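Note that my numbering numbers the sequence shown so that position 151 is 303, with each residue one more than the last.
Please read the structure below before turning to the comments.
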Amino acid sequence: ADTSTSNNDRIEDVIPLVVNTMGWTKGLGADLNARIEELVEPSHVFEFEGSEDGGWPARSVEPAGDINNAFPLCSPATNVVRVHLEAIQAEATNMHAFSAADHRNINILSYFHAVFPPLVAEQPSASVSFSDVPSPVPLRQVTAECWDAALPLCARYPYEVCCESAFDRVYLVGPGYEDVVPSELPRVLNCAVVGLVAYDASTKEAEIEPMDQVVSSLPYSPGQPVPHPSTSNCLGLALIRGVFSSSDPSPTPSNSSLTHLHILTPLPPSILGHARVLVKGEFELPIWGMLDFREGEEGGIAGVERERVPYLQWGKGEGLGSERRRVRRNLMRKAQM
């Protein structure tokens with residue numbers, strides 16, 4: 153057995169619920185804490201102290217470590233542990249001032265560059281149907297062990313997927329997506345981040361018929377309900393890097409259908425066979441993921457000059473009314489003279 157797995161004592165069968173309180177333990181704050189305690193029934197209570205120089209409130213007469221004062225309904229603490237934490241230097245926190253949006257973008261790109269370890273043998277193979285997989289599936293966290301950032305996303309080899317045989321259904325979730333007609337589906341899926349979902353084909357949800365399969369080989373109907381969580385499982389995320397229609401030189405409405413998708417995903421091939429549903433939500437690929445860092449400061453993507461790259465614009469963009477106006481001092485009111 154793997155020693156790293158055998159020595160790992162992390163809890164994987166339950167997910168802890170962490171409740172942050174306002175830190176207000178007197179008067180109305182004590183009443184709110186008591187109400188929260190009654191609802192949550194905490195098993196562990198953590199209290200943080202700090203010096204008054206750092207902006208922390210002064211200590212009360214009672215010891216601050218006595219959690220029985222802040223949480224009167226709790227049973228008396230049987231094991232109180234004090235841990236001294238070293239303060240983080242301000243220089244270390246301000247080195248990279250990323251915003252919340254920057255962190256979300258980094259998380260998305262980190263996912264697509266991640267290299268996940270191979271799944272163990274007890275995972276269901278692609279030949280096993282979703283209905284044969286035990287439910288509920290035991291919780292298991294698969295953590296990336298390394299990241300491969302040698303090539304940008306535009307230079308990686310994708311999976312070429314046949315739309316007609318690979319997917320049973322496509323869902324669009326989010327404001328305004330209910331108005332997307334089947335003829336616009338290729339434009340929506342182009343460069344889209346989608347969820348790969350496995351579902352139970354024996355449910356009534358599988359009986360939904362698409363409105364129009366003439367324009368797209370993907371079965372899609374506007375406004376259809378998403379798969380129920382009890383009969384489906386999201387396996388991971390994927391990036392649809394390209395959509396390809398019929399190669400007929402004279403396409404007509406009857407033969408210009410969507411035929412293939414180029415898909416990038418870090419998921420191992422052993423579980424991709426279960427992904428029979430695509431779900432497009434409000435996740436979007438960050439601009440960083442569209443760039444080709446191999447071109448350096450010259451810009452461009454995959455050998456195409458940046459002036460000819462569609463959808464992207466380098467430099468400062470000026471909208472209507474953003475140009476600098478010249479103030480004419482010779483046209484003034486009499487009171488301003």
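All residues carry an ideal CB built from backbone N, CA and C; glycine is no exception.
Values in this document were obtained by computation on a predicted structure and should not be read as measured data.
| Check | Outcome |
| --- | --- |
| Per-residue DSSP class, three states only, for Ala296 | coil |
| Outcome for Asp300 when other beta-carbon atoms lying within 10 angstroms are tallied against a minimum of 16 | exposed |
| Residue range of the unbroken beta strand (DSSP E) whose run includes Ala427 | Counting along the chain, Ala427 falls outside any beta strand (DSSP E), and DSSP gives it neither H nor E. |
| Length of the line joining the Cα atoms of Gly441 and His414 | 16 angstroms |
| Local Cβ density within 10 Å of Ser382, reported as buried at 16 or more and exposed below that | exposed |
| Where the alpha helix (DSSP H) through Ser382 begins and ends | Per DSSP, Ser382 belongs to no alpha helix (DSSP H) and is neither H nor E. |
| Close beta carbons around Thr173, own chain, < 8 angstroms, minus the five adjacent residues each side | Leu184, Asn185 and Ile188 |
| His414 - containing beta strand (DSSP E), residue span | Leu410 to Leu416 |
| Residue span of the beta strand (DSSP E) that contains Glu312, given as start and end | Tyr311 to Cys314 |
| Beta-carbon proximity check, Val322 vs Leu305, cutoff 8 angstroms | no |
| Range covered by the beta strand (DSSP E) that runs through Val349 | Ala344 to Tyr351 |
| Beta-ladder partner(s) of Arg321, from DSSP | Val429 |
| DSSP state of Leu443 mapped onto helix, strand, coil | coil |
| Coarse secondary structure for Tyr463, derived from DSSP in three states | coil |
| Inter-residue CB distance, Gly467 and Leu419 (contact presumed, cutoff 8 angstroms) | With a Cβ gap of about 37 angstroms, Gly467 and Leu419 do not count as contacting. |
| Cβ neighbours of Gly394 in the same chain (closer than 6 angstroms, five flanking residues each side left out) | His414 |
| Exposure of Gly347, with buried meaning 16 or more beta-carbon neighbours within 10 Å | buried |
| Residues of its chain near Pro288, where Cβ-Cβ distance is below 6 angstroms and the 5 sequence neighbours each way are ignored | Because the pLDDT at Pro288 is just 36, under 50, the model does not fix this residue reliably, and the value given afterwards should be weighed accordingly. So the list is empty, once near-sequence residues are dropped. |
| Opening and closing residue of the alpha helix (DSSP H) in which Phe264 lies | Ala252 to Phe264 |
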